[in-house]
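The structure under discussion appears below in the form of structure tokens.
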Amino acid sequence: MKSFSGSLPCCGKQLSAPTIVVWASLLLALAPASVVAADGRFDIVREGRPACAIVIAEQPSRAARLAALELQSHVLKITGVELPLRHDVEPTPGARILVGDSTATRAQGLRGADLPPQEYLIGFRSNVLVLLGRDWTDTEASRRETGRTIHDQRLADLRQKIDYWKAVGLPDRGSLELELPGVFDDHGSCYAAYDFLERFCGVRWYGPTDLTSVIPKRRDLSAQGHDIRRAPALKHRNALSVGSWPFLRGQWGAFTDAQVFLHWRRVRLGGEKWAANHTIHRRTIETVLNDPAYQAHGPAKGLNLCYTHPKLVQALAQMARDYFDGKGELPSGFKALGDYFAIVPEDVAKYCTCERCRALLDRGKDRKTGFFSSGEISDYWFSFVNAVAREVSRTHPDKYIATLAYWNYAYPPRDFDVEPNVSIAPCLHTCAYAIDDDVRENDMKFYRAWLAKTKAPMFLWNYYHHPMEPALIDKWKCFPNVMVHETARAARMFIQDGVRGIFECGEQDQVEHYVMIKLWDDPGLDTDAVLDEFFTLYFGAAARPMNQFYRSLESIACDQSLYPPKLHKQNRDIAWKNLGTPERMKHLAALIAEAEALASTEIERQRVALWRNSIWEWMLDGRADYDARHPKPDANPAPPSANDAPIDRPALDAWSAPYRGWHYHPEPVIPSDLKIPGHETFHSFDVPTVYQIPGQPGKWFMSFIGFNGQGYNSFVAESTNLVHWTHPRLAMGFGPPNEFDHGGCVIGAFLYESYDLKTPRLLKQRDGKYWTLYGCYPRQGGYELRPGYEGVAFSDDGLTWRRAKHAPILAVQDADCGAWEKDCIYQPWLVEHAGRFYNFYNAANGGTEQMGGATSTNLLDWKRSPANPIVRVRPGGYDGQFCSDGKVFRDGDHWVMFYFGVGKGGAHIMAAFSRDLQHWTSHPEPLYQAGGHPGGLDARYAHKISLVHDPATDTFYLYYCAVGKEGTAGNKGRCIGLLTSPKLPANPP
Numbered sequence: 005m006k007s008f009s010g011s012l013p014c015c016g017k018q019l020s021a022p023t024i025v026v027w028a029s030l031l032l033a034l035a036p037a038s039v040v041a042a043d044g045r046f047d048i049v050r051e052g053r054p055a056c057a058i059v060i061a062e063q064p065s066r067a068a069r070l071a072a073l074e075l076q077s078h079v080l081k082i083t084g085v086e087l088p089l090r091h092d093v094e095p096t097p098g099a100r101i102l103v104g105d106s107t108a109t110r111a112q113g114l115r116g117a118d119l120p121p122q123e124y125l126i127g128f129r130s131n132v133l134v135l136l137g138r139d140w141t142d143t144e145a146s147r148r149e150t151g152r153t154i155h156d157q158r159l160a161d162l163r164q165k166i167d168y169w170k171a172v173g174l175p176d177r178g179s180l181e182l183e184l185p186g187v188f189d190d191h192g193s194c195y196a197a198y199d200f201l202e203r204f205c206g207v208r209w210y211g212p213t214d215l216t217s218v219i220p221k222r223r224d225l226s227a228q229g230h231d232i233r234r235a236p237a238l239k240h241r242n243a244l245s246v247g248s249w250p251f252l253r254g255q256w257g258a259f260t261d262a263q264v265f266l267h268w269r270r271v272r273l274g275g276e277k278w279a280a281n282h283t284i285h286r287r288t289i290e291t292v293l294n295d296p297a298y299q300a301h302g303p304a305k306g307l308n309l310c311y312t313h314p315k316l317v318q319a320l321a322q323m324a325r326d327y328f329d330g331k332g333e334l335p336s337g338f339k340a341l342g343d344y345f346a347i348v349p350e351d352v353a354k355y356c357t358c359e360r361c362r363a364l365l366d367r368g369k370d371r372k373t374g375f376f377s378s379g380e381i382s383d384y385w386f387s388f389v390n391a392v393a394r395e396v397s398r399t400h401p402d403k404y405i406a407t408l409a410y411w412n413y414a415y416p417p418r419d420f421d422v423e424p425n426v427s428i429a430p431c432l433h434t435c436a437y438a439i440d441d442d443v444r445e446n447d448m449k450f451y452r453a454w455l456a457k458t459k460a461p462m463f464l465w466n467y468y469h470h471p472m473e474p475a476l477i478d479k480w481k482c483f484p485n486v487m488v489h490e491t492a493r494a495a496r497m498f499i500q501d502g503v504r505g506i507f508e509c510g511e512q513d514q515v516e517h518y519v520m521i522k523l524w525d526d527p528g529l530d531t532d533a534v535l536d537e538f539f540t541l542y543f544g545a546a547a548r549p550m551n552q553f554y555r556s557l558e559s560i561a562c563d564q565s566l567y568p569p570k571l572h573k574q575n576r577d578i579a580w581k582n583l584g585t586p587e588r589m590k591h592l593a594a595l596i597a598e599a600e601a602l603a604s605t606e607i608e609r610q611r612v613a614l615w616r617n618s619i620w621e622w623m624l625d626g627r628a629d630y631d632a633r634h635p636k637p638d639a640n641p642a643p644p645s646a647n648d649a650p651i652d653r654p655a656l657d658a659w660s661a662p663y664r665g666w667h668y669h670p671e672p673v674i675p676s677d678l679k680i681p682g683h684e685t686f687h688s689f690d691v692p693t694v695y696q697i698p699g700q701p702g703k704w705f706m707s708f709i710g711f712n713g714q715g716y717n718s719f720v721a722e723s724t725n726l727v728h729w730t731h732p733r734l735a736m737g738f739g740p741p742n743e744f745d746h747g748g749c750v751i752g753a754f755l756y757e758s759y760d761l762k763t764p765r766l767l768k769q770r771d772g773k774y775w776t777l778y779g780c781y782p783r784q785g786g787y788e789l790r791p792g793y794e795g796v797a798f799s800d801d802g803l804t805w806r807r808a809k810h811a812p813i814l815a816v817q818d819a820d821c822g823a824w825e826k827d828c829i830y831q832p833w834l835v836e837h838a839g840r841f842y843n844f845y846n847a848a849n850g851g852t853e854q855m856g857g858a859t860s861t862n863l864l865d866w867k868r869s870p871a872n873p874i875v876r877v878r879p880g881g882y883d884g885q886f887c888s889d890g891k892v893f894r895d896g897d898h899w900v901m902f903y904f905g906v907g908k909g910g911a912h913i914m915a916a917f918s919r920d921l922q923h924w925t926s927h928p929e930p931l932y933q934a935g936g937h938p939g940g941l942d943a944r945y946a947h948k949i950s951l952v953h954d955p956a957t958d959t960f961y962l963y964y965c966a967v968g969k970e971g972t973a974g975n976k977g978r979c980i981g982l983l984t985s986p987k988l989p990a991n992p993p
């Protein structure tokens, strides 16, 4: 038996069960029973057991292999049951799902090669379900096929390799490297599997992760219907978004490249091979088209060429012939795919000034339109395109020269037609159609003219880049340009008109992007039905306000009356003076607040938070920027808030007084040489945090970390008297290889029931689990190897912890990461207050560490404070180099942050105070200075505290990482020390 999938066949396996390896001799005994019901229903999973097996060829196509894995993993996520995955050479009694070409499909009289490109079959037969399409065959000849996409990628670049099980969120199944079928290679069997999962299993891929997908949970799963044989309506579907722009990236949340590559296949992007983009430009002129004979005269030299020179016609025609004949890879900068070789000039209005070129250019002087798109150089450019096309048609009559109809050559030539082997791609400003009738009408003039004139397949280059692109370039916040109904209308029209394919230039929001690509596949879908289904499935209990929020954005953005005459587009002021007015923002804020209140499950809350953080916070920033640039005079200005004012020295002295006068405990409570069973190589213990678990009165737990020379693990010990700690064991180990926390995890920023200084440090449950933020490092091999990150973890019992999000919550690569934290992010501290979560964390720029803040509504998505760093180093002070590892608690009417400062020769325990958790003032004197007990445990460093109060004795226990000085009697390495107030009895119980 071969196990290409990384998971040998098994029967009846639940998602949480260990892998069951079933050898060939057992297959017949364990085979699923025949399951085609009397009513024609095909059972897939029945009563918690597999009711069929997936069958593929012994040597499957790459598409069939992926399709089978995708079917298997999705059924597993839906039902918790894994379908057996077998090769066609193995005996497989009972019901079968045949995926891709195999001896089993041929026995049914079916061959994928008999289907046209992109067409696929979902076939219902007796005891058999067929998922079949035409698939690319992996041969030496097929791998020799060359080409370059619009973005200059080779075909091989689009056959990405991924770790499949990791990409689909099932890393426990091991590693499985998989080469994906290229998006422009035939992979009809994948189309069949994905259509089946959507149509019969209720799966929806609204994004590249499980969080952004809808995967229903069912105990039983079956399908019933008639044969479906179809293909996507649009043959070239190029909206290969990677989340480059803020809305889609934010709405998709954290994702990996591998997940995006899978997402493209799942939503059936790609299709027929075609490409057209600028091919004649400075780089290609310097490296390839550098013959002096056809260089442009005048200012265009080096940018464009002499497009009337016969030698240039021959040079490009020969390049096209060589490409079509498979004579090597195209040089970088050129574009060609499949039957199309592109020639497009540079994106500048500078052209050759020779006599022949000027004569043709002069013919277009009267073809200005007053819009971006005109016909000023159409005769000039398409004369050249025709000349190349005629040459190519002599040797390759079935191939095409592809070009754009763009800018000043958007309109067809006036006095002649283009050759029948010239494939045109008009560039249309679809992002303006809802708000600018004049632009739309001008686009439709040349679009309709090309439809009437061109004999070759026609493609489109559709713009969805405004207003986001200028907003990003000029650093302002645009109002969301939601125009989903206009996008849907245009997509249907283009397909009805016979357009062969579309390239999306730009990136829309999550919903408009999804609706567009669904209509590219099936223009018969009802736009409102797709929208309502999205909001219902995606947001659940919060669907109504989120649907209203999105449709309100569209209503505002598409209201032509809100734009000034003759300026039917946004700028920095129009976005917020005309569109995002205070009244509209108030209405939208109420919808967001209602959605947050209604979201009833953790996944609903996470999805609402993604939208809030990506769209609503963007809008709030845009509105705030406008208000700051256009302040309104206030007849009754409010006095400055006391919360904003620095805290004076008398208050600092009074507030810090209760936390001075500590009594030193002479022995470590966690010694540096503690031997933890099974983890004896760990030592140098650090970062203590003491807490209690509900239902266990009289018992305390301490998390702490140890170092083994490679990285960190978090451990937990327990105590009944807060002095003697026993039963140390692992709490959270190293993260997986190549992950952000592979170098170790430092837990301790727990979610508590209360943050008052004297209340118990009792863990709080959220959604039935306990929570902590944690610091972490991606690399093993040393001490605090930069960069550091932060993650979030949960626990069922408060003792062992695992990741809650497979991506960091704070990273140095984040867009809002400040210069002060650019090198490393360290330890978090979590506070919940007034319905919001606060993360107080230290981070480094070079050798300086300071404290920053971030906030969240769901523990998973965080927004940094614009005031960062909120606690800063004070040159020459006790915290002149570090302000780190802050621990924040409520003390009456104010907040206190215990942190450690580095300065004046040591690490010391310091305090800062705040009235609002945002503005902090530090006391200049330590609460406890390193070496507070001369020659003792902390002669060098006293830092990283944990503070708890025992109400039975009215005693504060302050645990800290103590480091002594070498050569002193009290030096006991890096250990956990203890200070108390008041002093403990000689022999605590």
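All residue numbers for the sequence shown refer to our numbering, where the first residue is 5 and numbers rise by one.
Glycine included, every Cβ here is placed at the ideal spot set by N, Cα and C.
The model shown is predicted, which means the values in this text are computed figures rather than measured ones.
C-beta atoms of residue i and residue j nearer than 7 Å
i	j	result
GLY974	GLY936	no
HIS400	ASP351	no
LYS481	TRP256	no
SER168	LEU182	Per the sequence shown, residue 168 should be read as Tyr rather than Ser. Cβ distance < 7 Å, so TYR168 and LEU182 count as in contact.
GLY178	GLY137	no
LEU721	MET736	Reading off the sequence, residue 721 comes out as Ala, not Leu. Not a contact, by the Cβ cut-off of 7 Å.
PHE345	ALA324	yes
ASN843	ARG609	no
LEU726	TRP704	yes
Spatially closest choice to residue i from the options, by CA coordinates
i	options	result
PRO88	GLU62, ILE58, ALA99, THR109	ILE58
TYR845	GLY851, ASP818, HIS837, ILE874	ILE874
LEU125	CYS509, ASP142, LEU102, TYR963	LEU102
ASP629	LYS479, VAL750, LEU114	LYS479
GLY379	TYR413, PRO791, ARG269	TYR413
ARG163	ARG269, ARG627, LEU755	ARG269
GLU149	ILE674, ARG115, PRO955, ASP189	ASP189
Own chain partners of residue i with C-beta closer than 8 Å, once the 5 adjacent residues on each side are dropped
i	result
GLU1	For the chain, the structure presents residues 5 to 993; residue 1 sits outside this window and is missing.
ASP513	PHE251, LEU252, GLN255, PRO484, VAL486, ILE619
GLY44	PHE128, GLN228
ARG588	SER556, ILE560
Residue i versus residue j: straight-line alpha-carbon distance, rounded
i	j	result
LYS17	TYR774	Low per-residue confidence applies at LYS17: pLDDT is 33, beneath 50, and the placement is therefore not dependable enough to give any value.
ILE499	GLU743	44 Å
PHE420	ALA340	26 Å
VAL3	ARG611	As displayed, the chain neither begins before 5 nor continues past 993, which places residue 3 out of reach and without an answer.
ASP536	VAL519	11 Å
GLN696	TYR963	15 Å
SER718	CYS828	20 Å
PRO812	ASP657	38 Å
GLN714	ALA848	21 Å
GLY779	HIS810	14 Å
Close beta carbons around residue i, own chain, < 7 Å, minus the five adjacent residues each side
i	result
SER688	SER676, GLY710, PHE711, GLY977, ARG978
GLU598	PRO549
VAL49	ALA55, VAL79, THR83, VAL85, ASP224, LEU225
Residues near residue i by beta carbon distance below 6 Å, same chain, minus five either side
i	result
ALA37	With a pLDDT of 38 at ALA37, under the threshold of 50, the modelled position of this residue cannot be trusted, and the question is left open.
**Message:** Please give the ranges of any alpha helix (DSSP H) in the region 373-458, keeping only runs that are unbroken, at least 4 residues long and fully inside the region.
**Reply:** 382-399, 441-457
- What beta strand (DSSP E) runs, 3 residues minimum, are completely inside the region 938-986? List check, beta strand (DSSP E) in window: 945-954, 959-967, 978-985.
Restricting to runs no shorter than 4 residues, where is the alpha helix (DSSP H) found entirely within the region 647-716?
653-660
Query raised in the report: What runs of the beta strand (DSSP E), each 3 residues or longer, lie entirely inside the region 237-270?
Result: 240-242
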